[in-house]
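From first to last, the protein sequence lines are chains A and B.
Mapping of the first sequence onto our numbering: residues 64 to 280, in sequence order.
Mapping of the second sequence onto our numbering: residues 64 to 280, in sequence order.
Cβ atoms here follow ideal geometry from the backbone N, Cα and C, with glycine treated the same way.
Here's the structure we're looking at; comments come further down.
2 protein chains.
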Amino acid sequence: MHSFTEENYLKAIYKLQETNGEVVATSALAQVMGVHAPSVTDMLKRMGQKKLVSYQKSKGVKLTEKGKQVAIGIVRNHRLWEVFLVEKLGYRWDEVHDIAEQLEHIQGEELINKLDAYLGFPEADPHGDPIPNAKGVLPKLKSVLLSSLKEGDQATFTGVSDHSTSFLHYLDKAGIALGDTLKVKSIEQYDQTYTLTLKGKKEVTVSLKVANSILVS
Amino acid sequence: MHSFTEENYLKAIYKLQETNGEVVATSALAQVMGVHAPSVTDMLKRMGQKKLVSYQKSKGVKLTEKGKQVAIGIVRNHRLWEVFLVEKLGYRWDEVHDIAEQLEHIQGEELINKLDAYLGFPEADPHGDPIPNAKGVLPKLKSVLLSSLKEGDQATFTGVSDHSTSFLHYLDKAGIALGDTLKVKSIEQYDQTYTLTLKGKKEVTVSLKVANSILVS
DNA sequence: TAATATATTTAGGTTCGTCTAATTTAAAAT
DNA sequence: ATTTTAAATTAGACGAACCTAAATATATTA
Chain A
64 MHSFTEENYL
74 KAIYKLQETN
84 GEVVATSALA
94 QVMGVHAPSV
104 TDMLKRMGQK
114 KLVSYQKSKG
124 VKLTEKGKQV
134 AIGIVRNHRL
144 WEVFLVEKLG
154 YRWDEVHDIA
164 EQLEHIQGEE
174 LINKLDAYLG
184 FPEADPHGDP
194 IPNAKGVLPK
204 LKSVLLSSLK
214 EGDQATFTGV
224 SDHSTSFLHY
234 LDKAGIALGD
244 TLKVKSIEQY
254 DQTYTLTLKG
264 KKEVTVSLKV
274 ANSILVS
Chain B
64 MHSFTEENYL
74 KAIYKLQETN
84 GEVVATSALA
94 QVMGVHAPSV
104 TDMLKRMGQK
114 KLVSYQKSKG
124 VKLTEKGKQV
134 AIGIVRNHRL
144 WEVFLVEKLG
154 YRWDEVHDIA
164 EQLEHIQGEE
174 LINKLDAYLG
184 FPEADPHGDP
194 IPNAKGVLPK
204 LKSVLLSSLK
214 EGDQATFTGV
224 SDHSTSFLHY
234 LDKAGIALGD
244 TLKVKSIEQY
254 DQTYTLTLKG
264 KKEVTVSLKV
274 ANSILVS
């Protein structure tokens, strides 16, 4: 029975707040963490004491400023370690998540800043997700969904919104890689598929689901 | 109240076995870990169940083969991460211990082997301690204490037997660094001090205590 | 060998993060 | 507005790693 720390909860709350709005429900948290609701209630009480979250019973939970800073720090760690794993150790982008999940909890401000410098202060991780800087500020990567493009539009593949291994594998197999220039050759209205021209050479046809998971700018 | 895992105990037992012989006493373990004896008894029982140690009450404890392999793995991780911190991130040798103490518990065979390759399969960490290879074999660095040299002898500084920050600082301040060629210019019998010539230039006088903490070959 | 001193274990308690089962609170539907 | 359903909390328990105080076992010394 795998046990979670405050940091794990902070990160999960942070991610839920990003996608589902300011206030997070006990059940939502329980669901994403794979834990039962009473465990969450317990933990939230403890974290409330420590002023990491503001928690009022049966009213959901929000990160305090303090909690948010910790959460962003973990996201920063995670993404920098992912860059390290891919750039320096030669991992593929679909392999690094679990290892980074461990490395993100290594403590030490100086360490992560040195790592950041060593990696050349990257702005995005191998999936195109923005990396908060040492002050906790996220660079705004103004990207849009591939599905928002029109026929003839051209853009650079900058990130994914679906981080699942299966999707990453799919992209690899289709020969679509981060940094590629994608041109929308045609959009088939009836079955909502996109035919893309890659780097002026290859052509691939992808579903709307895929077009909705690819970020470009 | 800082809490330890099985891995922490395994490493501590391993180190005690190396220096104090095969069988380790409850109290010795309690002492080095900074924990009270009953906590150790408890933990040893649990670890005995899992066949990580062979434990018979009031008779001390020994690592099993399984436990030894895990312990060596941790030592390998620790020393490789130390090399990383010094070689890649630019830390000094006296700063890396605590961070490596965290990093040594990151799980994943593949990760550590990739790191090993990335670092060029080093044989020793920044303090001159041998790094076990992927099979758990320690390279034998046949080094001796500086204090075993005679007047006129010359050797290379390959490691330290005292890893304390204060000693490492002392060496830095004295301008003695790993890899240096040391020549014993003279030994003062009465107060047991060694006057060393460094790289044919500088001269330093050190106490017997220091000469006993420096490894050369 | 007996007495003392030291090391170790047992007994019983705490905190943390989990669980299930039962209860209460809040939201949705009639 | 009442009933029904769903969400959240409380109650009570467990395992892991810790603690203190008391009891036992081992070693040392007289």
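Going by DSSP, what residues sit across from residue i in a beta bridge?
| i | result |
| --- | --- |
| B:Gln-217 | B:Lys-246 |
| B:Pro-193 | B:Ala-187 |
| A:Tyr-233 | In the DSSP output, where bridge partners are listed per residue, A:Tyr-233 has none listed. |
| A:Val-86 | Note: A:Val-86 sits in no beta bridge, so no partner. |
| B:Gly-171 | None, per the DSSP bridge assignment. |
| B:Gly-222 | B:Leu-278 |
What number of angstroms, rounded off, separates the C-alpha of residue i from the C-alpha of residue j?
| i | j | result |
| --- | --- | --- |
| A:Ser-147 | B:Pro-101 | Inspection of the sequence shows that residue 147 of chain A is occupied by Phe rather than by Ser. Those two C-alpha atoms are separated by around 42 Å. |
| B:Ser-227 | A:Leu-261 | 57 Å |
| A:Thr-256 | A:Lys-246 | 14 Å |
| B:Gly-153 | A:Leu-174 | 10 Å |
| A:Glu-85 | A:Lys-125 | 6 Å |
| B:Leu-271 | B:Leu-212 | 12 Å |
| B:Ser-276 | B:Leu-241 | 13 Å |
| B:Asp-179 | A:Glu-251 | 50 Å |
| B:Pro-189 | A:Gly-136 | 29 Å |
| A:Val-207 | A:His-160 | 24 Å |
| B:Lys-113 | B:Leu-79 | 20 Å |
| B:Lys-248 | B:Lys-264 | 12 Å |
| B:Gly-199 | B:Asn-176 | 12 Å |
| A:Lys-151 | B:Tyr-181 | 7 Å |
| A:Asn-83 | A:Thr-89 | 13 Å |
| A:Leu-204 | B:Gln-217 | 60 Å |
| B:Asp-225 | A:Gly-123 | 53 Å |
| B:Met-106 | B:Ser-66 | 12 Å |
| A:Val-269 | A:Thr-221 | 17 Å |
| B:Leu-278 | B:Thr-219 | 8 Å |
| B:Leu-22 | B:Glu-266 | Not covered by the structure: residue 22 of chain B. The range shown for chain B is 64 to 280. |
| B:Asp-243 | A:Arg-142 | 39 Å |
| A:Pro-195 | A:Ala-274 | 26 Å |
| B:Gln-94 | B:Arg-139 | 24 Å |
| A:Pro-193 | B:Val-133 | 37 Å |
| B:Glu-172 | B:His-232 | 34 Å |
| A:Leu-73 | A:Ile-162 | 19 Å |
| B:Lys-236 | B:Asp-157 | 12 Å |
| A:Lys-131 | A:Glu-186 | 20 Å |
| B:Ala-91 | B:Gly-191 | 26 Å |
| A:Glu-145 | B:Thr-127 | 36 Å |
Tell me whether residue i sits in a helix, a strand or coil according to DSSP, three-state version.
| i | result |
| --- | --- |
| A:Ala-75 | helix |
| B:Ala-180 | helix |
| A:Gly-326 | The first residue shown for chain A is 64 and the last is 280, placing residue 326 of chain A beyond what the model contains. |
| B:Ser-270 | strand |
| B:Leu-115 | coil |
| B:Glu-251 | strand |
| A:Val-146 | helix |
| A:Leu-209 | helix |
| A:Gly-199 | coil |
| A:Gly-153 | coil |
| B:Gly-130 | helix |
| B:His-65 | coil |
Just curious, the beta strand (DSSP E) that residue i is in, first and last residue?
| i | result |
| --- | --- |
| B:Tyr-257 | 256-261 |
| A:Lys-125 | 124-126 |
| A:Leu-278 | 277-279 |
Hey, quick one: how far does the alpha helix (DSSP H) through residue i stretch, first residue to last?
| i | result |
| --- | --- |
| B:Ser-102 | 100-112 |
| B:Val-95 | 89-96 |
| B:Leu-162 | In the sequence on display, residue 162 of chain B carries Ile and not Leu. Its alpha helix (DSSP H) spans residues 160-166. |
Under 6 Å: does the beta carbon of residue i sit that close to some heavy atom of the ligand ZN?
| i | result |
| --- | --- |
| B:Glu-186 | No copy of the ligand ZN appears in this structure; indeed no ligand is present at all. |
So, do the stretch 105-123 of chain A and the stretch 148-168 of chain A have three or more beta carbon pairs nearer to each other than 8 Å? Flag = no, the stretch 105-123 of chain A and the stretch 148-168 of chain A do not touch.
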